[in-house]
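**Student:** Okay, handing you the structure first.
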Ligand code: FAD
Ligand code: MLT
Ligand code: ZN
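Numbering (our numbering), first residue to last: 4 to 516.
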């Protein structure tokens, strides 16, 4: 494992023509001063009654974290950690702490608890709901230096590691042992496994391997008062008491700081194929999905879609070339199995039947790793491409497939020419739509056309207002659109029990009322 090495999410493919020759790094820490402070954009939000960080506190943190560059107070260095990836939230923290060990996290939180200092846990800072950055001046505790693989049992496939390991690095590491991480997402070059657990990240492998609630066998977290909660089992079956680790998966840094985890890694697939297909309507997307489940069955590992506007984000803004001519919708199908001849035959038979039936109009199939990566880039880089338009209003909803794309059509009609783009793409195989709108800069008028209308729309169809990105700062007030009063009441009671002073990630996840 190479500590601190940054993975390039997309490599340049030299042997394919038409492909851009640049390299791509997702991790961009430089930010512009033009991004409005969250406290200014949301003037009604008041800072909690927390203490201010004093020189004595800084000295105490320096004692816990000896050596250079572990207690950061330099404003320019802090800027990237104060601003989220999507550049919609910006805090004013004056202190960034970089522990390496669980005991250091514990010692830091003990001080914060005693002194009533608010903190925000931060992993790779790729979160998309404003959860990973301070709202006011919360202390940032980064897991950047907690990046050690503790053990890998290649027989059982159980990986145990610290929370700050970068997902892509972990995948490279376990693949040397013929294993794969059970999750994959476009931010893999920067996001940390601790951040993935804290957000219960979904991504493009959920269809095959299920959610992290199933893959995580053990977890260690430091509670807000500094106590270390040890749930580090690596057993597949263990029905003794409440399964406490599950509470931390998806808790978005509000109950504890995850410091380590054991994860069950499946076998790496020997044969992978990717098909990129053009279809003429969203109904066709669904027909192809239904038939792919039937015909590809156990080898189907991903089913994603983009509308034509979403692909245009990659072709217009990132200058990527599409291998297909223009179509209203595109489908990306991945198969993963152990026998390439068997899988290819199955995939080809399926594609031929779809073409013969007129359900698929055009398509390309690739099996070579660099080409697979390129095709995946057309889907996974939409988020990055959207940023080139200026401001991105990002929504991530679960919907019944019968109503899935209707949301995009209705919102397009509602927003009209006030936006640069109104697009839909996402994990259709999981019922998860990514609905995005862009404009040159933040425009309150566009925002007022989207919210709260979109949340009411989703609730009306019994969907979820957050399928995988979480609630963070931006969506917490809308939790009641997807959760009952009784459920939120119990969440609040739990938060009060674990974090009575509310120092851990305040202003996030749970609504004020
Ligand atoms: P951060 O952004 O640093 O933090 C996210 C939240 O977790 C914050 O609330 C933070 O306080 C908390 N947190 C972080 N680390 C810890 C910890 N150790 N203990 C406790 N709390 C912690 N998400 C998906 O679900 N599916 C996708 O397909 C997907 N694709 C993406 C593609 C791109 C290009 C980008 C930019 C983002 C994407 N995301 C996706 C969103 C994001 O990558 C995930 O939410 C990811 O899991 C966040 O990990 P992180 O380490 O960056 O966490
Ligand atoms: C994705 O699936 O691409 C991510 O969740 C990011 C996004 O929603 O833009
Ligand atoms: Zn996604």
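Idealized CB from N, CA, C, for every residue including glycine.
Owing to the predicted nature of the structure, the values given are computational and were not obtained by experimental measurement.
(1) Does the beta carbon of residue 460 fall short of 6 angstroms from some heavy atom of the ligand FAD?
(2) Applying the 10 Å Cβ sphere with the 16-neighbour rule, what's the burial state of residue 419?
(3) Given a cut-off of 7 angstroms, decide if residue 399 and residue 472 are closer than it, judged by their beta-carbon atoms.
(4) Going by alpha carbons, who is nearest to residue 263 out of 168, 321 and 337?
(5) Hey, which residues come within less than 7 angstroms of the ligand ZN, measuring from Cβ to any heavy atom, in chain order?
(6) The beta strand (DSSP E) with residue 204 in it runs from where to where?
(7) May I ask which residues mark the beginning and end of the alpha helix (DSSP H) holding residue 348?
(8) Classify residue 32: buried if its beta carbon has 16 or more other beta carbons within 10 angstroms, exposed otherwise.
(9) How do the region 119–134 and the region 469–489 stand: do at least 3 beta-carbon pairs fall below 8 angstroms, yes or no?
(10) For the 8 angstroms Cβ check, are there 3 or more pairs between the region 202–211 and the region 172–192?
(11) Can you pull the DSSP bridge partners for residue 55?
(12) Say yes only if the C-beta of residue 386 is nearer than 6 angstroms to one or more non-hydrogen atoms of the ligand MLT, and no if none qualify.
(13) Take the Cβ of residue 54 as the centre, count every other Cβ of all protein chains shown within 10 Å, and call the residue buried at 16 or more, exposed below.
(14) Looking at chain D, is there any beta carbon in it that lies within less than 7 angstroms of the beta carbon of residue 303?
(15) Rounded to a whole number of angstroms, what is the C-alpha to C-alpha distance between residue 369 and residue 124?
(16) With DSSP as the reference, label residue 33 as helix, strand or coil.
(17) Taking the C-alpha atoms as reference points, what is the distance between residue 331 and residue 281?
(18) Comparing the CB of residue 255 with every heavy atom of the ligand FAD, is any distance shorter than 6 angstroms?
(19) Using 6 angstroms as the cut-off, classify the Cβ of residue 164 as near or not near the heavy atoms of the ligand FAD, replying yes or no.
(20) Just to confirm before moving on: does the CB-CB distance between residue 310 and residue 427 stay below 7 angstroms?
(21) Among residues of its own chain, excluding the 5 on either side of residue 180, which ones have a beta-carbon nearer than 7 angstroms to its beta-carbon?
(22) Is residue 69 near the ligand FAD, judged by its Cβ being under 6 angstroms from some heavy atom?
(23) Can you have a look at residue 185 and say buried or exposed, based on whether 16 or more other CB atoms are within 10 angstroms of its CB?
(24) Is residue 506 near residue 78, with beta carbons less than 7 angstroms apart?
(25) Are there any heavy atoms of the ligand FAD lying less than 6 angstroms away from the beta-carbon of residue 96, as far as the coordinates show?
(26) Distance check for residue 306 and residue 466, CA to CA, integer angstroms please.
(27) In angstroms with no decimal places, state the Cα-to-Cα distance between residue 87 and residue 270.
(28) Since I believe residue 365 is in contact with residue 328 (beta carbons under 8 angstroms), could you give me their beta-carbon distance rounded to a whole number of angstroms?
(29) Under 8 angstroms, with one C-beta from each stretch per pair, do the region 474–487 and the region 447–463 reach the 3-pair mark?
(30) Which runs of the alpha helix (DSSP H) spanning at least 4 residues fall entirely within the region 352–428, listed in chain order?
(31) Across the region 103–119 and the region 226–242, are there enough close Cβ pairs to call them in contact, namely three or more that are closer than 8 angstroms?
(32) For residue 150 and residue 254, what's the separation of their Cα atoms in angstroms?
(33) Comparing alpha-carbon positions, which option in 386, 273, 284 and 346 lies nearest residue 363?
(34) By how many angstroms is the C-alpha of residue 291 removed from the C-alpha of residue 225?
(35) Only counting the same chain, and skipping five residues up and downstream in sequence, which positions put a Cβ closer than 7 angstroms to that of residue 7?
(36) Residues in the same chain with beta-carbon distance under 8 angstroms from residue 321, minus the five sequence neighbours each way, listed in chain order, please.
**Tutor:** Based on what the coordinates show:
(1) No, Cβ of residue 460 sits at least 6 angstroms from all heavy atoms of the ligand FAD.
(2) exposed
(3) yes
(4) 168
(5) 188, 205, 206, 399, 429, 430, 435, 437 and 471
(6) Per DSSP, residue 204 belongs to no beta strand (DSSP E) and is neither H nor E.
(7) Counting along the chain, the unbroken alpha helix (DSSP H) around residue 348 starts and ends at 343–359.
(8) Confidence is the limiting factor: at residue 32 the pLDDT is only 40, short of 50, which leaves the residue's position unreliable, though a coordinate-based value still follows. Under this definition residue 32 is an exposed residue.
(9) yes
(10) yes
(11) Answer by DSSP bridge pairing: none, since residue 55 is not bridged.
(12) yes
(13) exposed
(14) Given the protein chain composition of this structure (a single chain), no chain D is represented.
(15) 40 angstroms
(16) Any answer about residue 33 is weak, because its pLDDT of 41 lies below 50 and its placement is not dependable; what the coordinates show is given next. It is coil, neither helix nor strand.
(17) Looking at the two C-alpha atoms, the distance is approximately 8 angstroms.
(18) yes
(19) no
(20) yes
(21) If we look at residue 180 and ignore the five residues flanking it on each side, its Cβ neighbours are 155 and 157.
(22) False, no ligand heavy atom lies under 6 angstroms from that Cβ.
(23) By the neighbour-count criterion, in which a residue is buried when 16 or more other Cβ atoms sit within 10 angstroms of its Cβ, residue 185 is buried.
(24) no
(25) no
(26) 20 angstroms
(27) Approximately 34 angstroms, taken between the alpha carbons.
(28) 6 angstroms
(29) yes
(30) You should have 372–383, 385–389 and 409–418.
(31) yes
(32) 21 angstroms
(33) 284
(34) 46 angstroms
(35) Confidence is the limiting factor: at residue 7 the pLDDT is only 30, short of 50, which leaves the residue's position unreliable, though a coordinate-based value still follows. For residue 7, where only same-chain residues beyond five positions count, the Cβ hits under 7 angstroms are 150.
(36) 23, 384, 387, 388 and 391
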